[in-house]
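Protein chains in written order, with the working numbering: chain C, 1 to 394; chain P, 1 to 259.
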């Protein structure tokens, strides 16, 4: 078995054509990850360009309204480009540049990872091509424009369900055809080793900051950390530095779409089974013959039939808990946070807000919940308005 | 000698690929028989997968069509069982890891043995992950076919030394599909293969014309053709078998003429 296992999950299930590319990436990452100069450069980018550290905001009104645990919001939505995706992208783009690559390719669902990749490519003077499901280019037309404005080529993917999984497949195909000058800037903690580890390490800045910020504000650890999970990058970033703190509950909120008892769902832990796809062993939504299921969620960013291998392991060991949140619950939470705190979260992040509304009232007033607001909701306003029956178009 | 070994024993091999169930299983059965009559040395049978990440648009389309027609792994085992009453040339399955994994590797390979499948190709299972399936393949006498790509370089020796059945040499970067020109230095790849193993090596990806088949067979032990045959199926649908037979005959003759 290859390296890069999380329990039984992970691995490198990819075509032979890509094997030397991922080996080269692993070697480069192992070389640079502890290199002081690399880390100084990355920290500079994080702080001066992306606007880190992101705020840990005490949601006073939400706390009072729910009447239980104190609620803090980790404001990844305030990062440059509007989501946590920039953390990983700056890390990978810098690494790619050190490896002598001149071109970045990426998949994107909601468009946030594509925008972040296009941004880093513009900043570092690299070429950029983003693959996006055609269905998603319609749901997130504004982000398509943003990517093009930043100088990226956006290629709509029409195969399969024309959503995120098809964009990943197409980006992998593209990488097999052009490896020498190209780095595949994968957007989540998924795919073949070493991607789940690299992306996690770059996103772990989220939990590192939460820990320090909460210690300063409250002098204690949180009792629960909540984050939405598609592939799971903002969730693993939010969990990582708490994994060895057993009193901290780690809760990932999956997209249940129209419900886990329907076919229109993307809740992998709730409805998936063990499989091998997109380079990794993990849980996947699939039929009895292993055909990958056409998943659905109102959120383009969570509309993925799998989950990162480290999450699959955290589920197996019981260290983290995964809960399904429906479209309806997420949309309610989207509106709730806007009205209660004046913060419009991404519809992805609203899945985590939704579960906090259930969880907080069951906890004591001396307890603390941290919710990672992984992105901002501007991109979703038109779609949510339509969900509510308004005839609004971008 | 294994049946795969025998397929390469009489001069250069020609290996056609079919996606089972494209456009339906009856047509696949007729095409398999047509290929056998036309002189195919071995037939690669694709079990369709929803997300075939190593395929170009033509074979992706065939996978989708086959699944939409209701093709399943069980129906394909039935198809092969039926074909085995009158077709004796070797068959190898080509599919993706999840198809085998979800079926249960033991049950899948047991069924392969029962219907006399000779080998299996899993393009998303590289050398590092082959232990996932190899023990089941060996238990049931099914060769796990390894692939070598233009980027394999220092990996060639390791892969070739442990290879079974035949080696699948990927002619070019990228996914399956026809190419006007193949520019990889296949000569040095084959040289590295030869230094490490005696099992046959066939070249696939991008081959569509008799000239290409002859050229590829000349530097290896045979040529593999997929997308060009799927295009014939796209064009003629259920009437494809006669056209497939004619094409395979020309390609098999061209390959053989190289040896």
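Every residue, glycine too, gets a C-beta built ideally from N, C-alpha and C.
Sequence-distant Cβ neighbours of residue 276 (chain C) in its own chain, meaning closer than 6 Å and more than five residues away, are 13. Counting the other Cβ atoms within 10 Å of the Cβ of residue 239 (chain C) gives 16 or more, which makes it buried. Contact annotation: in the stretch 57-83 of chain P, residues whose CB is within less than 7 Å of a CB in chain C are 60, 67, 72 and 73. Residue pairing for residue 9 (chain C): DSSP places it in a beta bridge opposite C:6.
With respect to chain C, the C-beta atom of residue 118 (chain P) has no partner C-beta closer than 8 Å. Flagged as an interface residue toward chain P: residue 177 (chain C), by a C-beta distance shorter than 8 Å. In summary, the residues of the stretch 286-318 of chain C whose CB is separated from some CB of chain P by less than 7 Å are 286, 289, 290, 291 and 292, in the order they occur in the chain.
In this chain, residue 74 (chain C) is not harboured by any alpha helix (DSSP H); it is covered by the beta strand (DSSP E) spanning 70-75. Contact annotation for residue 148 (chain P) against chain C: 16 [CB-CB distance below 7 Å, chain order].
Chain P has a Cβ within less than 8 Å of the Cβ of residue 276 (chain C). Going by DSSP, residue 29 (chain C) is part of no beta strand (DSSP E) but of the alpha helix (DSSP H) stretching over 16-32. The Cβ-Cβ distance between residue 69 (chain C) and residue 368 (chain C) falls below 8 Å. Here residue 171 (chain C) is near residue 106 (chain C), since their CB atoms are less than 8 Å apart. Beta-bridge pairing by DSSP links residue 146 (chain P) to no other residue.
Among the CB atoms of chain C, one or more fall inside 8 Å of the CB of residue 49 (chain P). Taking 8 Å as the cut-off, the Cβ atoms of residue 93 (chain P) and residue 117 (chain P) count as close. Contact annotation: residue 54 (chain C) and residue 88 (chain C) have beta-carbon atoms that are not nearer than 8 Å. Between residue 9 (chain C) and residue 282 (chain C), the beta carbon gap of about 5 Å places them in contact (Cβ cut-off 8 Å). Within the stretch 145-179 of chain C, those residues whose Cβ lies closer than 8 Å to any Cβ of chain P are, in chain order, 159, 160, 165, 166, 169, 172, 173, 176, 177, 178 and 179.
Proximity of residue 19 (chain C) to chain P, defined by a Cβ-Cβ separation below 8 Å, is satisfied. Rounded to whole angstroms, the Cβ separation of residue 133 (chain C) and residue 164 (chain C) is 6 Å, and the two are in contact under 8 Å. Secondary structure of residue 1 (chain P) (DSSP, three-state): coil. Close partners of residue 188 (chain P) in chain C (Cβ separation under 7 Å) are lacking, with about 16 Å as the shortest Cβ gap. For residue 246 (chain P), the three-state secondary structure derived from DSSP is helix. Just measuring C-alpha positions, the residue of C:61, C:284, C:152 and C:175 sitting nearest residue 54 (chain P) is C:175.
In the structure shown, residue 249 (chain C) falls within a strand segment according to DSSP collapsed to helix, strand and coil.
Under the 8 Å criterion on CB atoms, residue 11 (chain C) is classed as interfacial with respect to chain P.
A residue is called buried once 16 or more other Cβ atoms fall within 10 Å of its Cβ, and residue 215 (chain C), having fewer, is exposed. Proximity of residue 44 (chain P) to chain C, defined by a Cβ-Cβ separation below 8 Å, is not satisfied.
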